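Numbering (UniProt numbering), first residue to last: 1 to 165. Worksheet: the structure to be examined is printed underneath.
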């Protein structure tokens with residue numbers, strides 16, 4: 001017999017991993033299984049108009065790097081972001097990494113990811129995606145017309161899809 005809440009906790013943890021793993025993979029630019037300062041510099045250089053603030057990068061690594069090896073492994077990433085889920089009254093994390101990723105992808109700053117925003121990100125991340133693929137993402141994440149784009153919540157829907165199989 002399972003202790004009360006064990007099965008529910010396992011479902012929540014699996015759901016959290018479905019959303020966080022793609023975010024981790026985006027930040028792990030060199031695909032070595034850990035996020036380094038260089039990975040963060042690469043990410044910020046691609047999605048901002050200037051270089052990333054070295055102090056900010058140092059702080060990001062420091063917050064998550066519980067074993068103090070200078071890198072953020074997935075379990076550390078998940079611990080930090082998982083602890084922040086639902087911390088505001090509306091159940092949203094304020095200022096979290098996923099919000100930062102969304103803002104970086106939203107090149108025109110309108111609060112929506114357009115066809116061009118998604119296509120640019122996919123190319124940068126090394127994923128091949130046709131215009132039809134991008135339209136399908138927008139339909140899934142935006143729930144409608146391509147001109148409406150994809151909100152932050154829509155991006156989370158897109159990332160939660162398991163394309164394997």
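Glycine is no exception: its CB is placed at the ideal position from the N, C-alpha and C atoms. Computed from a prediction, not measured in an experiment: that's the story for all the values here.
Length of the line joining the Cα atoms of residue i and residue j
i, j, result
"residue 33", "residue 74", "7 Å"
"residue 153", "residue 67", "32 Å"
"residue 58", "residue 107", "24 Å"
"residue 127", "residue 119", "9 Å"
"residue 121", "residue 53", "21 Å"
"residue 131", "residue 117", "12 Å"
"residue 85", "residue 101", "For residue 85, the pLDDT reaches just 45, beneath the cut-off of 50, and the residue's location in the model is therefore unreliable, although a value from the coordinates is still provided. Residue 85 and residue 101: Cα-Cα distance of roughly 16 Å."
Outcome for residue i when other beta-carbon atoms lying within 10 angstroms are tallied against a minimum of 16
i, result
"residue 69", "exposed"
"residue 64", "buried"
"residue 149", "buried"
"residue 112", "buried"
"residue 186", "Lying before the first or after the last residue shown, residue 186 is absent from the chain, which here runs from 1 to 165."
"residue 136", "exposed"
"residue 147", "exposed"
Three-state secondary structure (DSSP) of residue i
i, result
"residue 180", "Not covered by the structure: residue 180. The range shown for the chain is 1 to 165."
"residue 112", "coil"
For residue i, the nearest candidate out of the options (CA to CA)
i, options, result
"residue 138", "21, 157, 127", "157"
"residue 77", "36, 45, 131", "36"
"residue 123", "61, 41, 22, 46", "46"
Cutoff 7 Å; reference residue i; Cβ partners in own chain excluding five residues on either side
i, result
"residue 141", "150, 154, 155, 157, 158"
Other residues of its chain near residue i: CB distance less than 6 Å, five sequence neighbours each side excluded
i, result
"residue 24", "74, 77"
"residue 22", "159"
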